[in-house]
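K.L.:
Just dropping this structure here.
2 protein chains.
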Amino acid sequence: MITGKNQIGFSQSALGKTTFKTFNPILNTENKTLFFEASDDEINQAVALASQAFETYKTIDGAKKAIFLRAIADEILDLGDALIKMYCSESGLTETRAISERGRTIFQLQSFADLVAEGSWVEASIDTAIPNRQPIPKVDLRKMFVPLGPVVVFGASNFPLAYSTAGGDTAAAFAAGCPVIVKSHPMHAGTGELVSQAITKAAQKTGMPKGVFSNLNSSNYQVGSKLVSHPNIKAVGFTGSINGGRALLNLASQRPEPIPVFAEMGSVNPVVMLPQAAKQQAQKWAKAYADSITLGSGQFCTNPGLILGIKSEDLSKFIKTLADEIVKIKPTCMLHPNIIGAYESKKTSALAQDGLREVVSFSDAIPKNYGRQTVTTVEGVAFSNNPKLHQEVFGPFTMVVQCENSTQLETIISKLEGQLTGTILSENNDIESHQNIVSALQNRVGRLIFNGVSTGVEVCPSMQHGGPYPASTDSRFTAVGIHAIKRWVRPISFQNWPNNLLPDTLRNENPLNILRLVNNHNTRKTL
Amino acid sequence: MITGKNQIGFSQSALGKTTFKTFNPILNTENKTLFFEASDDEINQAVALASQAFETYKTIDGAKKAIFLRAIADEILDLGDALIKMYCSESGLTETRAISERGRTIFQLQSFADLVAEGSWVEASIDTAIPNRQPIPKVDLRKMFVPLGPVVVFGASNFPLAYSTAGGDTAAAFAAGCPVIVKSHPMHAGTGELVSQAITKAAQKTGMPKGVFSNLNSSNYQVGSKLVSHPNIKAVGFTGSINGGRALLNLASQRPEPIPVFAEMGSVNPVVMLPQAAKQQAQKWAKAYADSITLGSGQFCTNPGLILGIKSEDLSKFIKTLADEIVKIKPTCMLHPNIIGAYESKKTSALAQDGLREVVSFSDAIPKNYGRQTVTTVEGVAFSNNPKLHQEVFGPFTMVVQCENSTQLETIISKLEGQLTGTILSENNDIESHQNIVSALQNRVGRLIFNGVSTGVEVCPSMQHGGPYPASTDSRFTAVGIHAIKRWVRPISFQNWPNNLLPDTLRNENPLNILRLVNNHNTRKTL
């Protein structure tokens, strides 16, 4: 059961006067529940509770945080079909996708539970004293990560579960020891409320402080802006548009005390098709990319929006094959009329640019709110000279750039904006004679892919999800995988601290049996 | 021999029309050499060379980078007395200090050489493929750190060697694989030029690309601003005032592509004297703190500028003893007339605040440009209500705050700005009954010290030098110790990449024999 209310700690609250509804793009109609936007009082209450909660939550050990994270996973599963139905009614996405995304969400929560239960993630480092060192004694120093404080997480439109209320950012922040205030995404506020109830139940059942979590509704930017500007908020997680992410970054960096913003934003995920790949594997890659471009109606941050090749008959044949393959695919419903509106207008604007032409055509009609896939092509020089063609068209859209030669291809890559991923398609060791292209691509991306597609973001330690700006606001951190926990922590050193008063992590006895750097050697041994 | 010219890659250059001289505060006179401020052309040349150099320098292996770093250390030592004399003539600091700071600089270069020669610092992580995983195969993913690109390092007024031209920031950036452009500090431009010559020689002798290093002169903010705004610069290191650091942070975050700024700025380094320490160890701490406050004329970022205690006869006695001890200490020369001018004016402004009183008095005169040490005291409530008393007075100055009780002390601490360090002085387990104070202090600092002084920043892995804003602009990184390398890198993932084309770091054979996270286990084994 959803109420449309805000979750403030363990209480529900609806003090605000502004309301909104979510939208079912399949039925092309509004959903029934009225959501109450958080008022200033509610924002302040949530932050005050989070600040209080931080003082206890920061001291809770890894084992207890793991129990909390696993309880959230259990409570989410316990929501059963109600959650899946709500998800579909607010996103237009399929039940299969809903179930798979729920699986990913659960897996993320469990991964962080495992991480903090084991405990070595704090990167404990110990340098013992050398009292008789000349000319001055060496002091005992011990270092570990501690949480930053209360953080704000923004729900993402395109991942109502995995990158929203209890998604990767929230799971990582809870694992780190930070209370979380979610600014719920207005397109799926009902899904957000159900998940909030699950988190709240889990927090109550596992004895967490009541301000460890709040969920605030809002259909515009004001609640988010107030949260990011609040002096007691210490970091921000965001997944969404470049405009949205940059606005938050600007707000955060203009505060009296600037705070980090981890915004994962736009990316066209360039794919380089080397000559031998175009020659020998045109059919295979055309099929794979037709699928990848249209996956989830192209609404993935890793959607391949740009394919670069060297002009040739083989490349022309690949483009034709890609067009043939993509035409076969049934269009699917997009998330919301606003998303499809933006998709159509950006597509129109791109197609109005000199030299860009569409290579597919359709005669049949498609249902309301469905996204029509598109393949376009343009010459290297036209692409190179027109920054408008570098902009992401969020949806099932791709552009094949036909470069004059490998030098032009390298130059184009070196001038691309920062990207989440870059892919090389190569056959017969073609890549070995194009190392300059790989080197240029490496400077612009967070993840390099060989002979594959960029959609599909594995949740594992070796995943880097985040690239140079504007792919993300801070390329030094990942949004996916266990290392995402590092966004929410800072190191602190204890100098000459009494052993019995140190955190367990740093004690001589190593009671948690974690891996530590002791006098520059990695060990689990006691001192 | 110094020339006053800028070092642009391997060439010296003096195209600018503006010149300046450095100042000898001991002799109270200008030094002779005329320094040429870098022109716009020279700035652009240095950045262009750095960008070119990055393409090769980023691929140079750890062993070669180590040779380069050690060569820099050797060339600095090779400068011999000329460097020590230049240092003293531009800083007013003693020869002993010069030699000790040179030792620290050499040690830092060698520490980073050891780190990159060993190689595990890249945090290599490998997750191997599971082709038959259901419902979808798991891809092979491998992750490591790569350098950010060309960086700018600002020389620090108070550390002409250890945090300037070849100081901690430069050493860490070189180790990471980033070319460095130093904006030389105008107070010690001659020392900077000598060290630049050493770095250039080392780069030439060890076969580094010519743009790996440049050194630009400037007596005002324009050269620095242009460097930080240049699109090819990818990060900034700075040690200095809050105003200066914040201006750079603002510039960097307003760029079309925002970049990280690691500014280590102001800190008053609060010291909490618990009741039993005041009772039992007043004499010991008075002596230690008199020394610490006046060390290097108080011109350390870790200088203890704030001592907090609970009002009592013991605390009064401690204040009196501290005053007695500090009066005995001979004042020393400060760095520059501008520094002593700022010290005097900030001291005057602090002393004009209601409730603050000086507890020392002197009748003798001191030489020109020498810094007169001061101990002041104020009641908790007056301190609490007056933000002006929270501002750093850079120099041999401290303020003892006499709180009404432990609650007031805790509240004051919780409202302090971010600090590099926080110290607890405790006897007879007094600290155990004041855990609320420790918890509040931990939220505000990067390093907690038990029964010690904050001056003295050990160079070791467990050192955290950097705290919540404004102690530094990014509390998630340290400016001292090997982990400072992490400021200049970002992770990158390779997906499904051919083994023979992977960096050595990530290859199956583990040719560098480094510690890697392989399928979530730390190991040096091959795959």
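Protein sequence lines correspond, in order, to chains G and R.
In this text, residue positions in the first sequence follow numbering that gives the first Met the number 0: the first is 0, and each later residue adds one.
In this text, residue positions in the second sequence follow numbering that gives the first Met the number 0: the first is 0, and each later residue adds one.
Don't be surprised by glycine CBs; every beta carbon is placed ideally from N, CA and C.
For Leu14/G, which of Pro24/G, Gly3/G, Thr21/G has the nearest alpha-carbon?
P.N.:
For Leu14/G, the nearest C-alpha among the options comes from Gly3/G.
K.L.:
For Asp113/R, report the span of its beta strand (DSSP E) as first-last.
P.N.:
Where Asp113/R is concerned, there is no enclosing beta strand (DSSP E), although the alpha helix (DSSP H) it sits in stretches over 94-117.
K.L.:
Any idea if Met364/R is buried or exposed, counting beta-carbon neighbours within 10 angstroms, 16 or more meaning buried?
P.N.:
Here residue 364/R turns out to be Ala, not Met, going by the sequence shown. It counts as exposed.
K.L.:
In chain G, what lies closer than 7 Å to Leu516/R by C-beta?
P.N.:
Result: Pro460.
K.L.:
Enumerate in chain order the residues of its own chain whose CB-to-CB distance from Lys31/G is below 8 Å, with the five nearest sequence positions on each side excluded.
P.N.:
Correct list, in chain order: Lys20.
K.L.:
Which same chain residues, not among the five before or five after Thr406/G, have their C-beta less than 8 Å away from its C-beta?
P.N.:
none
K.L.:
Using the C-alpha atoms, what's the distance from Ser195/G back to Ala70/G?
P.N.:
13 Å
K.L.:
Measure how close the beta-carbons of Thr293/G and Gln372/G come, nearest whole angstrom, since I'm counting them as under 8 Å.
P.N.:
5 Å
K.L.:
Count the C-beta pairs between the region 170-184 of chain R and the region 241-259 of chain R that are closer than 8 Å, then say yes if the count reaches three, no if not.
P.N.:
With a cut-off of 8 Å, the region 241-259 of chain R and the region 170-184 of chain R do not count as touching, because too few Cβ pairs lie within range.
K.L.:
With respect to the beta strand (DSSP E) encompassing Ile423/R, which residues constitute its N-terminal and C-terminal limits?
P.N.:
418-424
K.L.:
Across the region 140-151 of chain G and the region 219-232 of chain G, are there enough close Cβ pairs to call them in contact, namely three or more that are closer than 8 Å?
P.N.:
With a cut-off of 8 Å, the region 219-232 of chain G and the region 140-151 of chain G count as touching, because enough Cβ pairs lie within range.
K.L.:
Going by alpha carbons, who is nearest to Glu54/R out of Ser425/R, Asn507/R, Gly176/R, Ala81/R?
P.N.:
Gly176/R
K.L.:
So, helix, strand or coil for Leu350/G, using DSSP?
P.N.:
helix
K.L.:
Taking Cβ to Cβ, would you say Gly167/G is nearer than 8 Å to Ala478/G?
P.N.:
yes
K.L.:
Let me know the secondary structure DSSP gives Arg69/G once reduced to three states.
P.N.:
helix
K.L.:
With a threshold of 8 Å, are at least 3 pairs of Cβ atoms found where one atom belongs to the region 273-286 of chain R and the other to the region 411-420 of chain R?
P.N.:
no
K.L.:
The beta strand (DSSP E) with Leu215/R in it runs from where to where?
P.N.:
212-215
K.L.:
Just to confirm before moving on: does the CB-CB distance between Leu273/R and Ile430/R stay below 8 Å?
P.N.:
Their beta carbons are under 8 Å apart, which means Leu273/R touches Ile430/R by this criterion.
K.L.:
At a Cβ cut of 7 Å, what residues of the region 408-421 of chain G count as close to chain R, listed as they run along the chain?
P.N.:
none
K.L.:
Leaving out five residues before and five after Leu526/R in sequence, what residues of the same chain have Cβ atoms less than 6 Å from its Cβ?
P.N.:
Asn507
K.L.:
Is Gln494/R close to chain G? Criterion is C-beta to C-beta, closer than 8 Å.
P.N.:
Chain G, which has a Cβ nearer than 8 Å to the Cβ of Gln494/R, makes this yes.
K.L.:
Say whether chain G places a C-beta atom closer than 8 Å to the C-beta of Thr504/R.
P.N.:
Chain G, which has no Cβ nearer than 8 Å to the Cβ of Thr504/R, makes this no.
K.L.:
Please identify the residue among Val437/R, Pro130/R, Phe34/R, Phe493/R whose C-alpha is closest to the C-alpha of Pro269/R.
P.N.:
Val437/R
K.L.:
According to the neighbour-count rule (16 or more other Cβ atoms, all chains shown, within 10 Å of its Cβ), is Leu440/R buried or exposed?
P.N.:
buried
K.L.:
In terms of DSSP beta bridges, what is Pro490/R paired with?
P.N.:
Phe144/R
K.L.:
Please return the same chain residues whose Cβ sits closer than 6 Å to the Cβ of Asn5/R, not counting the five positions on each side in sequence.
P.N.:
Ser12, Ala37, Glu41, Leu215, Asn216
K.L.:
Is the region 118-137 of chain R touching the region 441-454 of chain G, taking contact as three or more C-beta pairs under 8 Å?
P.N.:
no
K.L.:
Quick one, are the C-beta atoms of Gly421/R and Pro469/R less than 8 Å apart?
P.N.:
no
K.L.:
What do you get for Ser88/G, buried or exposed, if any count of 16 or more other CB atoms within 10 angstroms of its CB means buried?
P.N.:
Answer is buried; the Cβ neighbour count reaches 16.
K.L.:
Using a Cβ cut-off of 9 Å, which residues of the region 462-481 of chain R contact any Cβ in chain G, in chain order?
P.N.:
Cβ contacts with chain G come from Met462, Gln463, His464, Gly465, Gly466, Pro467, Tyr468, Pro469, Thr472, Asp473, Ser474, Arg475, Phe476, Thr477, Gly480, Ile481.
K.L.:
Return helix, strand or coil for Phe53/R, following the three-state DSSP convention.
P.N.:
helix
K.L.:
Return the bridge partner residues of Lys520/G from the DSSP annotation.
P.N.:
The residue asked about is misnamed: residue 520/G is His in this sequence, not Lys. Bridge partners of His520/G: Val517/G.
K.L.:
Would you check if the region 458-477 of chain R and the region 492-501 of chain R touch, i.e. whether three or more CB-CB distances between them fall below 8 Å?
P.N.:
no
K.L.:
With 8 Å set as the bound, which would you pick, yes or no: does the beta-carbon of Leu500/R sit closer than that to a beta-carbon of chain G?
P.N.:
yes
K.L.:
Going by alpha carbons, who is nearest to Leu140/G out of Lys16/G, Val377/G, Ala123/G?
P.N.:
Ala123/G
K.L.:
For Asn43/R, go through chain G and note every residue whose CB falls closer than 9 Å to its CB, in chain order.
P.N.:
By Cβ distance, chain G contributes nothing, its closest Cβ being about 18 Å from Asn43/R, past 9 Å.
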